[in-house]
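Have a look at the structure below, then the notes.
Numbering (the numbering used here), first residue to last: 391 to 582.
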């Protein structure tokens, strides 16, 4: 249940928003949660109910050493037409201080990691239905500029930039590629 994790242990906002969106996409099922990051696993457990027949998956933070085997396992386990939501850190996530403390080798933070993941999904019979990015580069830049205005006693401009940054917090296409966290919603349409 949301609210069961103490505030000091919450994952960064971009991950929480991506997990909220994934929970909405998988709302019709009780997905299998696959996650090697304890903080994100706890966040996911607040949002989706596991159990029952496995008809979908929520794959959080594919890791470099295990992602290919995990994709094969999920592709074999899930039925045709199943949905999978993937929450993946991207290279910009390296800028988040909290992300650095989680350890592991996230595939998405590596240069070309997202392209490798997308290609492997296609080859395994998954079709990406949607891709969104959270905490986009333009929102980050606007926030930084806004803080500078605030330091120079221009709260009026800082407020406007902060509002604009919130409007640009999520995006698709290039803006999704230049964000800290990606959400991919895929559907199984073929066999491995």
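C-beta atoms are modelled at their ideal positions from N, C-alpha and C, and glycine is treated no differently.
Remember, predicted model here, so these are calculated numbers, not experimental data.
- If you draw a straight line from the Cα of residue 441 to the Cα of residue 419, it comes to about 9 angstroms.
- When the Cα atoms are used, residue 546 and residue 555 turn out to be separated by approximately 14 angstroms.
- Apart from sequence neighbours up to five positions away, the residues of its chain that approach residue 455 with a beta-carbon distance below 7 angstroms are 495, ordered along the chain.
- When DSSP reads this structure, residue 578 sits in a beta bridge with 516.
- Setting aside the 5 residues that flank it on each side, residue 424 is surrounded in the same chain by 447, 448, 449, 450, 460 and 464, each with a C-beta closer than 8 angstroms to its C-beta; the list follows chain order.
- Shortest Cα-Cα distance from residue 570 to any of 421, 549 and 559 involves 559.
- The continuous alpha helix (DSSP H) containing residue 538 extends over residues 527-541.
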